[in-house]
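These notes are about the structure you will find just below.
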Amino acid sequence: MAKFTSILIAVVAAVSGANAFKQACQFPYDVCGWKLQDGVLGYTPEEIQAAAPASVTGNALYGSIFHCLENGAIEWAHTCARDACDPPSSGALPNYNCAP
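Next comes the structure, spelled out in structure tokens:
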């Protein structure tokens, strides 16, 4: 029985892939594109690109602000000037902002 359980867990993990273990960005906060792919949140480049307009690519994509939605999905908000998206300041709500 233990062997069957181990095999079942391995199969589920293989089928589910890495996204099964991804931490979703938390609603109702905003994050930078670069934060979405930092290894903690783990969104793929394809997921990030799909949430943005087709005209937003490269550095502009990762220098953009994205809204975290209730279902773990992301929604592009806007691109920061100079692609300068900053993490939240100490003590502030965990929203990322465009650099001044």
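When the letters of the sequence shown are read in order and numbered with mature numbering (1 follows the signal peptide of the UniProt record, and there is no 0), they come out as residues -20 to -1, 1 to 80. Note that beta-carbon positions come from the ideal geometry of N, C-alpha and C, so glycine has one too. Here the structure is a predicted model, which means the values were calculated and not measured.
Sequence-distant residues of its chain with Cβ nearer than 6 Å to residue i (five each side left out)
i, result
"residue 42", "13, 14"
Same chain only: Cβ atoms within 7 Å of residue i, ignoring 5 sequence neighbours per side
i, result
"residue 59", "36, 40, 43, 44"
"residue 11", "5, 46, 48, 76"
Beta carbon proximity, residue i to chain D, threshold 8 Å
i, result
"residue 45", "Going by chain labels, chain D is absent from the structure shown, which holds only one protein chain."
As assigned by DSSP and simplified to three states, the class of residue i
i, result
"residue 75", "coil"
"residue 40", "helix"
"residue 55", "strand"
"residue 69", "coil"
"residue -7", "Legend: pLDDT at residue -7 = 41, less than 50; position of this residue unreliable, value from coordinates given subsequently. In this structure, residue -7 counts as helix in the three-state DSSP scheme."
Terminal residues of the beta strand (DSSP E) in which residue i lies
i, result
"residue 60", "Taken as a continuous stretch (DSSP letters only), residue 60 belongs to no beta strand (DSSP E), as it is neither H nor E."
"residue 12", "10 to 12"
Check whether residue i and residue j have beta carbons under 8 Å apart
i, j, result
"residue 16", "residue 23", "yes"
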